[in-house]
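Shown next, in structure tokens, is the structure this report addresses.
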Amino acid sequence: MKIYIYGAGSIGCYLGGRLVVAGNDVTFITRPRIHAELSQFGLVLTDYLGKKIKLAPHQLKLTTDPTQIVDADVVFICVKSAATEQVAHEIKEYLGAKTPLIIGFQNGLSNVPILKRVLQGQMILEGMVPFNVATQEAGHYHQGTSGALSVKQYPNQNLLENAFQKAGLEIVFEKDMLAVQWAKLLLNLNNSINALSKKPLKEQLSIRKYRQCVAMAQQEALALLDSAQIKPAKLTAVPTHLIPKLLSLPNPLFKLLSRKMLAIDPLARSSMQDDLIAGCPTEVDWINGEVLKLAEQCGRQAPINA
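According to my numbering, the sequence shown is numbered sequentially starting from -6.
Quick look at the structure:
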């Protein structure tokens, strides 16, 4: 099974690297800057449990040529949301009559619908990465939080399941990915707050005023989801509708109870913070913006997420 990572940034490099170590055939389609970094330094992957993996440059299949996607059996779309439309048209041109399995491991809700609209006739599935991956230095990517990957159920899913299990990455196949995506988006409403705080995730969440901001954004979104009769999935030990209440607790209580919710290490930070630091466009329109779209559909407003 030949796996191609289209848009190998933080998430793409981390997932791809873990799969390479487990013996999978993985090709990274990267931007020139990432290609240069990986060609020089290789990949270093670390996580919140203390795991450290090193891959030398010669162990990586790297390319900046997206036409190579024609050889893929499975394609992971890991580009930023703003690039999805362009990438979809590129894939349509390069694949021709080939029909690999395509999985969108991206933030937000609108990326897979775009892929399906442009790539009609292809098998395209929703994927969800629950954990945070931050760039530490050139070629070094760190998983700072816990969680299991999710992918839409499909025939022959055991092949992908085995690949991820051998890589030590938990994966579940879900019937209702919309519920999963909304649950992840609710957690991601902290991304913009974390980015503006300029603090590591664990430090930011230790400050009650920041947590209260997140709780307000989540409560607004949950009210809209209830109005739209959408029930988000449970991704943590704490039920989704109780997370805002947990976030609003005084610091001692939050510190005690949050340990059961999500494992976070001191290095974790949101990818949106990385984008701001790098001067790149953020994905706020594909995260908080989804709440605004839902509000419009419900004939309501969402001033906190606006």
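Here a beta-carbon is modelled for each residue, glycine too, at the ideal position from N, C-alpha and C.
Excluding five sequence positions before and after A216, none of the CB atoms of its chain fall closer than 6 Å to its own CB. Distance check between L198 and each of I62, S220 and L242 places L242 closest, using alpha-carbon atoms only.
Here the segment 117 to 132 lies against the segment 258 to 268, with 3 or more beta-carbon pairs under 8 Å apart.
Collapsing the DSSP output to three states places Y134 in a strand.
Contact holds between the segment 163 to 172 and the segment 225 to 235, because three or more Cβ pairs, one in each stretch, are under 8 Å apart. In the DSSP annotation of this structure, the continuous segment of the beta strand (DSSP E) that includes Y(-1) starts and ends at K(-5) to Y(-1).
The Cβ atoms of I96 and L118 lie closer than 7 Å to each other. Y41 is a Cβ neighbour of D258, given a cutoff of 7 Å.
Taking a cut-off of 8 Å for Cβ pairs, the segment 9 to 23 and the segment 80 to 91 do not touch, as fewer than three such pairs fall below it. A straight-line Cα-Cα distance of about 51 Å links K47 and G292.
Restricted to the segment 14 to 54, the alpha helix (DSSP H) segments that are unbroken, complete and at least 4 residues in length are 25 to 34, listed in chain order.
DSSP lists no bridge partner for S241. Short of 6 Å from the beta carbon of E163, and not among the five residues preceding or following it, lie these beta carbons of its own chain, in chain order: A141. Here F98 is bridged, per DSSP, to G120. By the Cβ neighbour-count rule, L31 is buried, with 16 or more other Cβ atoms within 10 Å of its own.
Around the beta carbon of P93, 16 or more other beta carbons sit within 10 angstroms, so the residue counts as buried. Under the three-pair Cβ rule at 8 Å, the segment 53 to 63 counts as touching the segment 23 to 39.
For E289, the uninterrupted alpha helix (DSSP H) run begins and ends at V277 to Q290, by DSSP. In this structure C206 is buried. Its beta-carbon is surrounded by 16 or more other beta-carbon atoms within 10 angstroms. CA-to-CA, the gap between A1 and P237 works out to about 33 Å.
Rounded to the nearest whole angstrom, the C-alpha separation of N100 and L36 is 23 Å. S143 is positioned such that its CB atom lies closer than 7 Å to that of V173.
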